[in-house]
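For reference, the structure discussed in these notes is given below.
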Amino acid sequence: MSDLYQNFEDLRHHNILGTDYQIRYQKKQSGVLFKAIHGGGIEPGTSELAELSAGVDDSYYCFEGIRSTGNSELHITSIHFDEPTAIEVVSQSLYTVSYHGYAGGQVKNTIVGGLDDKLALEVTTELKLAGFNADQSGRTMQIGGRNPANIVNKNHRGKGVQLEISFEQRKVLFDNFSGPQRRQTVNRTFYEYIEAIKKALNQVKI
Numbered sequence: 001m002s003d004l005y006q007n008f009e010d011l012r013h014h015n016i017l018g019t020d021y022q023i024r025y026q027k028k029q030s031g032v033l034f035k036a037i038h039g040g041g042i043e044p045g046t047s048e049l050a051e052l053s054a055g056v057d058d059s060y061y062c063f064e065g066i067r068s069t070g071n072s073e074l075h076i077t078s079i080h081f082d083e084p085t086a087i088e089v090v091s092q093s094l095y096t097v098s099y100h101g102y103a104g105g106q107v108k109n110t111i112v113g114g115l116d117d118k119l120a121l122e123v124t125t126e127l128k129l130a131g132f133n134a135d136q137s138g139r140t141m142q143i144g145g146r147n148p149a150n151i152v153n154k155n156h157r158g159k160g161v162q163l164e165i166s167f168e169q170r171k172v173l174f175d176n177f178s179g180p181q182r183r184q185t186v187n188r189t190f191y192e193y194i195e196a197i198k199k200a201l202n203q204v205k206i
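Shown next, in the form of structure tokens:
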């Protein structure tokens, strides 16, 4: 399905900040950014992954759909996502991890992509070691995040990592996946998942 809005200015013109969507971010000096440009109700679970991965030390950025229904209309594909704050925080980062969601049927899986091949390989390895299904099967498709125009690849090094996480995989990271209280129900599996990502980052930063 094609996007309703071609870029952020188009979306902003037809929607209300604080009613339809919100933007949350934290700037730190670590050089690491976790982001969810399809957060909130657009691709549920990705905001929580970005914010809690960052913790108190790293940066995060979340663009979130906050409608009661119809949040999927707020989806802007990664190569067209140009919200100014997002562009700024990404450009200031050295290592960028972007959390996304895809349907995936009944499969629990993470498709690891982006132009940062070294980090992508480490992320795939660490997720597998932690007991999660992960692969780089989407590298030749749009879901693979290989386009230089993808916002994840617009950091200071010109390459980032995009994680496409299936619905079933995101669902098991929470005790209650539906509703506004999702963040309060992150579970042990959630923390094992983000710990694998952070371990991969530490490996490439050595």
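Each residue of the sequence shown is one higher than the one before, starting from 1 at the first, in full-length UniProt numbering. Where is the CB? At the ideal position from N, CA and C, for every residue including glycine. Keep in mind the model is a prediction, meaning the values are calculated, not measured.
Using the three-state DSSP reduction, which class does residue i fall into: helix, strand or coil?
i, result
"A50", "helix"
"T85", "helix"
"R12", "helix"
"T69", "coil"
"T96", "strand"
"G45", "coil"
Taking the alpha-carbon of residue i as reference, which of the options has the nearest alpha-carbon?
i, options, result
"Y102", "E9, V186, H38", "H38"
"A36", "L94, F167, E126, L49", "L49"
"L74", "Q22, N109, T140", "Q22"
"I143", "D10, I79, A54, I87", "I79"
Cutting at 6 Å between CB atoms, please list the residues of its own chain near residue i, excluding the five before and the five after it.
i, result
"G41", "G65, N71"
Assuming contact is defined by CB atoms lying nearer than 8 Å, are residue i and residue j in contact in what I supplied?
i, j, result
"R146", "L94", "no"
"L201", "L119", "yes"
"L11", "S98", "no"
Report all residues from its chain with a CB closer than 8 Å to the CB of residue i; omit the five preceding and five following residues, and keep chain order.
i, result
"F174", "G45, E48, R182, T185, V186, N187, F190"
Which residues in the same chain as residue i place their Cβ atom closer than 7 Å to its Cβ, once the five residues preceding and following it in sequence are excluded?
i, result
"E122", "A200, Q203, V204"
"Q6", "H80"
"Q106", "E168"
Shorter than 8 Å from the beta carbon of residue i to some beta carbon of chain D?
i, result
"G138", "The chain inventory of the structure shown lacks chain D, comprising one protein chain alone."
Comparing the CB of residue i with every heavy atom of the ligand FAD, is any distance shorter than 7 Å?
i, result
"G40", "Among the components of this structure there are no ligands whatsoever, and the ligand FAD is therefore not found."
Worksheet item: Mind pulling the alpha helix (DSSP H) runs of 4 or more residues that sit fully within the stretch 156 to 200?
Response: 167 to 171
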